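J.: UniProt numbering applies: residue 1 is where the sequence shown begins, and numbers increase by one. Before I ask anything, here is the structure I am working with.
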Amino acid sequence: MQSGRALLAALATVLFFGAAPALAADLHGVALVIGESDYDSEALHDLTNPKNDARAMDDLLGNLGFDVHRALNDNRADLENDIQRFVRDAKGADVALVYYSGHGVEAGGADYLVPTDADISTPEKAGESLVPVQDLLEELAKTVPVTITLLDACRTNAFPKGTTIQLPGSAQMIDVATTGLGEMRGATPIAKPGVSKDSLGMVIGFAASPGEAALDGQAGGNSPYAAALLKHFGAGGYPFDELMTLVRQEVYLKTDGRQLPWTNSSLRRVLSFGAPAPTGDKDQEAIREGRRRLLLSIADTPADLRREVEAAAAKAAVPMDAIYGLLQALGQKVPSDPTELDQLLKAQTDTIKKAMAEHTALTSSDPEIARLSGLAQQALDEGALDLSVSFWEQAKDRYLVISKSLDAAEADLKSRRLEGGAVIASTAQAYVLKGDYPAAAENYRLAFDQVKKWDRATAATYKGGEADALKTQGYQKGDNDALKQAIAAYGDALELLPRASDRLLWARLQNSLGNALEPLGRREDGTDSLKAAAIAYRAALQEWTRDRVPLDWASAQNNLGNVFEALGEREGGTDSLSGAATAYRAALEEWTRDRVPLDWASAQNNLGVALNALGQRESGTDSLGAAVAAFHAALEEWTRDRVPLDWATAQNNLGNALVNLGRREAGTDSLDAAVTAYRAALEEWTRDRMPLNWASAQNNLGTALEALGGRESGTASLNAAVSALRAALKERTRERVPLDWAMSQNNLGNALEALGARESGTGSLDAAASAFRAALEEWTRERVPLDWARAQNNLGNALQLLGRRESGTASLKAAVTAYRAALEEETRDRVPLDWASVQQNLGSALLTLGERQDGETGADDWRAAIAAWQALAQVYTSDTDPERWASLQNEIGYQLVLLGERENDVTQFEAAIPVLRAGLAVQEMAEPKGSPGIQDSLCHALLGLGSRTSDRDSLTEAKSLCEAALAGEAAAGIDVSETQANLTAVNVALAKLD
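Shown next as structure tokens:
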């Protein structure tokens with residue numbers, strides 16, 4: 001047992017109700033503090049916190065001036081001895097206080113303390129083990145004017161259910177309550193015999209309401225009741241009943257309403273403790289006083305409003321303290337309407353949750369702000385809302401003081417950051433000039449990091465510079481990842497820069513975004529990136545208007561033309577290509593040669609590209625000729641000395657237009673010029689410097705050499721074409737640029753096919769077919785339908801040549817299948833010239849099949865070939881292309897003649913004659929000097945008809961036509977043997993009629 005440490009210095013005056021005089025100030029208080037934690041019996045579970053509670057209460061009461069006797073883990077004998085000694089020592093004291101923490105039970109209307117050696121194995125032993133509370137109270141009341149007993153003993157399941165006791169000297173079995181202590185009957189024993197006439201009453205405090213359980217609290221700490229006593233028992237200046245109210249409401253809040261202490265008081269005077277010695281921490285004292293005012297206000301809260309608060313707090317999982325604090329602050333303004341009250345409580349709980357989360361995240365480098373924010377949160381936790389506001393105001397005032405110095409520091413820091421950003425950006429620009437674009441991009445990124453917090457416009461500019469460097473790297477080095485990074489960087493820059501904040505810079509970033517999307521779109525499948533580029537350019541044109549910034553407007557028009565041109569290459573028809581030409585011509589209205597010669601040259605070059613693509617889908621050579629002229633114009637300003645890479649670009653593009661023009665012209669002048677142009681481009685587009693451009697020029701050179709080789713004897717140009725195309729494929733890999741890889745595979749197939757046509761055997765033709773099939777792996781119908789159709793047509797050509805050199809019909813049938821596949825996309829409405837070419841090739845393959853097969857199958861293929869050629873008249877008309885139309889009529893008529901001879905069918909001759917007459921009439925208008933080819937064919941048709949029908953008129957006309965054909969062939973140096981044979985047959989037939 002521990003003795004008291006000091007006199008009752010804090011025990012203040014005990015007053016009568018009313019205006020009675022005060023007692024003397026030197027009052028004496030004694031206290032007995034009991035803590036029972038470690039129980040011997042397995043039937044009684046140990047309690048973690050009573051010993052902690054007892055030690056803490058010992059310290060508290062000692063500080064308040066009580067002489068404290070402490071008993072820890074007493075058995076029954078020790079507990080009774082300690083109680084008897086305390087009662088004896090308390091004699092003469094003004095106040096006696098007993099605090100008990102441990103198991104306690106109620107039986108038969110009386111409350112009992114349970115010592116650590118309590119034995120409940122039998123009712124008798126149980127009765128002998130317990131220490132009655134009532135005896136202690138009555139003994140103290142005999143000698144001490146004021147007694148206070150605080151029982152933190154309402155622990156759950158003290159005794160097992162069904163336990164009974166038999167008190168000493170009694171035969172009656174008494175049931176033990178399973179939960180809590182009972183309300184003590186006769187809690188004011190003043191009228192009992194032996195009670196001093198000077199007794200002023202007693203206070204009995206219970207940790208929980210009668211019959212309710214008390215919580216033990218977190219292990220290693222204190223019970224909720226003990227914690228509340230420790231927090232408020234020393235509050236000076238409060239009447240004792242208010243002090244116990246503070247304890248009651250504290251426990252209520254800390255247990256979320258699960259535990260509510262109860263007090264039975266018979267004091268006849270007002271008892272209060274004197275104010276404790278100041279701690280020196282006025283803020284903490286203010287928070288404690290704010291808390292106590294809240295607790296007293298809660299005591300006056302109506303029961304129905306309490307239930308609303310408890311429900312709202314439980315639903316939102318927030319403490320009730322701040323909700324009650326709000327109600328305290330509102331006072332009379334608390335809504336009486338249940339719906340309004342519910343809305344208020346819900347809003348308050350949401351606010352509490354947000355405040356708790358924000359405070360958890362709040363950090364401050366200033367110690368005073370950190371201290372004040374901590375106090376503000378502590379006050380909020382305690383429900384002292386006014387204090388919480390006050391502390392936040394103080395924290396705000398502190399920051400505003402600091403802010404003045406921060407403003408100056410920030411201004412200096414901003415200046416330094418912007419200066420650093422400018423230095424790093426200049427470093428980036430130096431790398432751009434050097435051509436080290438990855439290093440430039442990295443330095444622009446570092447510059448951006450320096451200024452992003454200080455200047456959004458400058459940050460957007462540097463982020464745009466990073467994107468520009470990445471875009472250039474991606475374009476020149478074939479680095480698609482760099483292009484994608486550039487696109488992302490432009491997006492970041494545009495997010496930093498709202499359109500209204502800097503309209504012209506916003507437009508520039510949109511234009512640059514399009515410039516990154518366009519080359520990526522050319523390298524990718526589909527048209528998504530190209531369409532996104534068109535959107536970006538149109539966005540730029542919303543701010544880059546012709547009136548406002550004419551040269552920038554022209555730049556965006558030029559770029560929009562580039563996208564339309566790329567889309568036109570992947571789409572059927574001519575709409576996109578025509579749109580591209582229109583956009584380029586618009587650009588040239590402001591990009592004049594005198595004003596901006598290099599930009600003028602760029603637009604001329606781009607216009608040439610669009611016209612070249614357009615010319616390939618049109619009949620005639622007007623657009624192709626205009627394309628060549630545009631490229632020559634570009635080269636007047638794009639000189640090699642001035643802009644070597646642009647010069648190489650224009651040379652390459654000039655070669656493209658010359659190849660397409662050369663294919664439609666006689667001779668080799670345009671094709672020779674194309675080869676020269678491509679070789680010039682390769683002088684600047686080196687493999688090390690620009691690998692994909694080098695590959696593109698090699699591909700185009702191979703195409704030109706293949707076309708040139710087709711018009712030359714020998715195979716030198718064709719072999720050179722194969723070498724150039726295989727070189728292109730070293731950089732144009734399938735993984736890197738799948739569509740360009742397919743293009744070069746297709747072109748390689750064309751060169752190998754032309755080479756195979758001049759060689760014996762089938763090696764080159766087999767290689768050509770393999771190349772076309774490789775192209776079709778990436779040139780799929782879904783991805784690039786027209787390119788897919790082109791490769792199908794070319795595959796058909798290679799297979800047709802193979803079929804002619806092989807026995808059987810497998811390759812020829814595969815060729816027919818390929819041609820018919822091509823016609824599914826290369827329709828007459830979409831690409832009429834390409835459709836006509838495929839129809840002609842299909843006719844040739846079907847004719848060969850027809851010749852190889854006997855019977856009706858062969859005849860059907862022959863008729864299908866003739867039908868394919870007849871369809872060509874829908875494109876090659878006598879008005880638009882009379883010479884070709886006449887030649888086509890000759891071929892159709894001649895095949896009808898051969899079919900008639902095969903089937904001995906007069907109707908075929910009858911069908912051929914009007915076709916050949918029409919062709920001869922048109923041909924004679926175009927070539928007045930003679931048309932021996934059609935004349936011979938018509939002679940052959942009339943011979944077939946006249947000899948089978950004995951028609952002298954037909955034979956006579958046939959003789960005249962053959963003689964005319966012989967004269968024309970002799971004059972032109974053409975072999976006359978077939979015509980001579982036809983004339984001989986005519987003469988024999990006529991002789992038979994004589």
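Using N, Cα and C, we set each Cβ at its ideal position, and we do this for glycine too. All figures in this text were calculated on a predicted structure; none of them were measured in a lab.
Assuming residue 782 and residue 741 make a contact with CB atoms under 8 Å, what is their CB distance in whole Å?
T.: Actually they do not touch by this definition, with Cβ atoms about 17 Å apart.
J.: In whole angstroms, what is the alpha-carbon distance linking residue 703 and residue 503?
T.: Residue 703 and residue 503: Cα-Cα distance of roughly 46 Å.
J.: Determine, using beta-carbon pairs with one atom in the region 547 to 557 and one in the region 764 to 775, whether at least three such pairs fall under 8 Å.
T.: no
J.: With a 10 Å radius around its C-beta and 16 neighbouring C-beta atoms as the bar for buried, classify residue 925 as buried or exposed.
T.: With fewer than 16 other Cβ atoms within 10 Å, it is exposed.
J.: Report yes if the CB atom of residue 628 is closer than 8 Å to the CB atom of residue 565, and no otherwise.
T.: no
J.: Please list, in chain order, all residues of the same chain as residue 984 whose beta carbon is under 7 Å from its beta carbon, the five residues on each side excluded.
T.: none
J.: On the three-state DSSP scale, how would you describe residue 632?
T.: Of the three classes helix, strand and coil, the one that applies to residue 632 here is helix, per DSSP.
J.: Assuming residue 754 contacts residue 710 under a Cβ cut-off of 8 Å, what Cβ separation, rounded to an integer in Å, is found between them?
T.: With a Cβ gap of about 6 Å, residue 754 and residue 710 count as contacting.
J.: Exposed or buried, residue 416, counting other C-beta atoms within 10 Å across all chains shown (16 or more means buried)?
T.: exposed
J.: Among 539, 442, 526 and 459, which residue has its Cα nearest to the Cα of residue 485?
T.: 442
J.: Using a Cβ-Cβ cutoff of less than 7 Å, which residues in the same chain neighbour residue 735 once the five nearest sequence positions on both sides are dropped?
T.: none
J.: On the criterion of 16 or more Cβ atoms from any shown chain inside 10 Å, does residue 471 qualify as buried, or is it exposed?
T.: buried
J.: By how many angstroms is the C-alpha of residue 145 removed from the C-alpha of residue 75?
T.: 29 Å
J.: Going by beta carbon distance, what residues of the same chain come within less than 7 Å of residue 707, once the five residues before and after it are set aside?
T.: 659, 662, 663 and 671
J.: In angstroms, rounded to a whole number, what distance separates the CA positions of residue 906 and residue 944?
T.: 8 Å
J.: According to the neighbour-count rule (16 or more other Cβ atoms, all chains shown, within 10 Å of its Cβ), is residue 433 buried or exposed?
T.: exposed
J.: So, at 7 Å on beta carbons, what are the nonlocal neighbours of residue 438 in its own chain, with the 5 sequence-adjacent residues on each side left out?
T.: Taken in chain order, the residues that qualify are 473.
J.: Look at the alpha carbon of residue 324 and the alpha carbon of residue 334, and state the distance between them as a whole number of angstroms.
T.: 11 Å
J.: May I ask you to report which of helix, strand or coil DSSP gives residue 215?
T.: Of the three classes helix, strand and coil, the one that applies to residue 215 here is coil, per DSSP.
J.: Rounded to a whole number of angstroms, what is the C-alpha to C-alpha distance between residue 204 and residue 47?
T.: Rounded to the nearest angstrom, the two C-alpha atoms are 22 Å apart.
J.: Among residues of its own chain, excluding the 5 on either side of residue 193, which ones have a beta-carbon nearer than 6 Å to its beta-carbon?
T.: Model confidence at residue 193 stands at a pLDDT of 41, short of 50, so the residue's coordinates are unreliable; what they give is reported in the following sentence. Residues of the same chain with their beta carbon placed closer than 6 Å to that of residue 193 are lacking, with the five preceding and five following residues left out of the count.
J.: Using alpha carbons as the reference points, say which of 533, 989 and 557 lies closest to residue 952.
T.: 989
J.: Out of 509, 475 and 501, point me to the one whose CA is closest to residue 489's CA.
T.: 509
J.: Residues bridged to residue 264 by DSSP?
T.: According to the DSSP secondary-structure assignment, residue 264 is paired through a beta bridge with 204.
J.: Assign residue 428 to one of three DSSP states: helix, strand, or coil.
T.: helix
J.: Here's the rule I'm using: 16 or more other beta-carbon atoms within 10 Å means buried, otherwise exposed. How should residue 223 be labelled?
T.: buried
J.: According to DSSP, is residue 11 helix, strand or coil?
T.: The predicted position of residue 11 is uncertain, since its pLDDT is 40 and thus under 50; a value taken from the coordinates is nonetheless stated next. Strand, per DSSP.
J.: What does residue 106 pair with, by DSSP beta-bridge criteria?
T.: Answer by DSSP bridge pairing, in chain order: 111.
J.: Just to confirm before moving on: does the CB-CB distance between residue 908 and residue 916 stay below 8 Å?
T.: No, the pair does not count as a contact, with Cβ atoms beyond the cut-off.
J.: Hey, would you say residue 512 sits closer than 8 Å to residue 457, going by beta carbons?
T.: no
J.: Take residue 99 as the anchor and find which of 66, 119 and 122 has the nearest alpha-carbon.
T.: 66
J.: Quick one: give me the first and last residue of the alpha helix (DSSP H) that residue 508 is part of.
T.: 503 to 523
J.: Short check: CB of residue 955 to CB of residue 922, under 8 Å?
T.: no
J.: Do residue 383 and residue 447 count as a contact pair if the criterion is CB distance below 8 Å?
T.: no
J.: Does residue 677 pass the burial test, meaning 16 or more other C-beta atoms within 10 Å, or should it be called exposed?
T.: buried
J.: Taking residue 812 as the reference, which of 298, 841, 623 and 461 has the closest Cα?
T.: 841
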